[in-house]
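Engineer: Sequential numbering of the sequence shown, starting at 62, is according to the working numbering. Glycine included, every Cβ here is placed at the ideal spot set by N, Cα and C. All values derive from a computational prediction rather than experimental measurement.
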Amino acid sequence: PPKPLIMIDPAHGGSESGAVLNPVILEKDITLALARRLRSDLGAHGFVADLIRDSDVNLSTDDRASRANSAHPALYVCLHATSEPAGVGVYTSMLGNTGQTDGPFVDWDTAQFPFLAASRLAQQDLAAAILKSGMPVRSLMVPLRPLQNVTSPAVAVEIAPTKADVSQLAAADYQNLISAALADGIAQVLSQAGASPGAPQ
């Protein structure tokens, strides 16, 4: 059987730097470095992971959702970073009334709705894995694109420094810690969903 695919989306890129975390640390660079590390860690678990962007390119939220949806991943994970030492945030889409029918785009704007229960289970598993690694974690529902446009279980993870030192976000040991916790959490998510990674590597 084909292995389940995890789609990792490093937020921002190209001319969209995201948050300027300090004069030399840009959110787009942190998210890409973490995404590459997470792809490697998931590979070590026997999973297949792909990146929405693997270079410094501009992508719209619609582009990101379209790429994710055409790949039919078992899980979509969007990575963000913040300079606020508020713990790691794990987010799912906050969808309002899905009975609205204003125009042809209603399906796109509520595409996540059938997957929300699975997304919230994934959120719980990821939050538990992050807590187990010793980092504070927050779980929230947010009206965040492209989460509501993704047709698979979908979460966003926002990494934060543990103290006021933003340079920690770029440190290899800190990224390794977060990536390992996320990989463990994702493995838990997929085992609960009945998706095995196939033969051990």
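(1) Just to confirm, are residue 132 and residue 68 a CB contact at a threshold of 8 Å?
(2) DSSP three-state call for residue 122: helix, strand or coil?
(3) Please confirm whether residue 180 and residue 222 have their CB atoms less than 8 Å apart.
(4) I believe residue 117 touches residue 75 by the beta-carbon criterion, under 8 Å. Please report the beta-carbon distance rounded to the nearest angstrom.
(5) Given residue 119, which residues of its chain have a CB within under 8 Å of its CB, disregarding the five upstream and five downstream residues?
(6) Answer yes if the stretch 188-196 comes into contact with the stretch 94-101, meaning at least three C-beta pairs across the two stretches below 8 Å, and no otherwise.
(7) Apart from the five residues on each side of it in sequence, which residues of its chain come closer than 7 Å, Cβ to Cβ, to residue 128?
(8) Can you give the beta carbon distance from residue 95 to residue 88, rounded, assuming they're within the 8 Å contact cut?
Structural biologist: On the basis of the supplied data:
(1) For the purposes of this step, residue 132 is taken as residue 71 along the sequence shown, with counting starting at 1. For the purposes of this step, residue 68 is taken as residue 7 along the sequence shown, with counting starting at 1. Annotated as proximal: residue 132 and residue 68, with beta-carbon spacing under 8 Å.
(2) Here residue 122 is taken as the residue at index 61 of the sequence shown, counted from 1. Residue 122 falls in the helix class under three-state DSSP.
(3) Residue numbering aside, residue 180 sits at position 119 when the sequence shown is read from its first letter. Residue numbering aside, residue 222 sits at position 161 when the sequence shown is read from its first letter. Residue 222 is positioned such that its CB atom lies no closer than 8 Å to that of residue 180.
(4) Here residue 117 corresponds to residue number 56 of the sequence shown, with the count starting at 1. Here residue 75 corresponds to residue number 14 of the sequence shown, with the count starting at 1. At roughly 6 Å, the Cβ-Cβ gap stays under 8 Å, so residue 117 and residue 75 are in contact.
(5) Taking the first residue of the sequence shown as 1, we reach residue 119 at position 58. Cβ within range, chain order: 74, 75, 76, 77.
(6) With the cut-off at 8 Å, the stretch 94-101 and the stretch 188-196 do not touch.
(7) Here residue 128 refers to the residue found at position 67 when the sequence shown is read from its first residue. If you ignore the 5 residues before and after residue 128, its C-beta comes within less than 7 Å of the C-beta of 113, all in its own chain and listed in chain order.
(8) Taking the first residue of the sequence shown as position 1, residue 95 is located at position 34. Taking the first residue of the sequence shown as position 1, residue 88 is located at position 27. Contact between residue 95 and residue 88 fails: their C-beta atoms lie close to 11 Å from each other, not under 8 Å.
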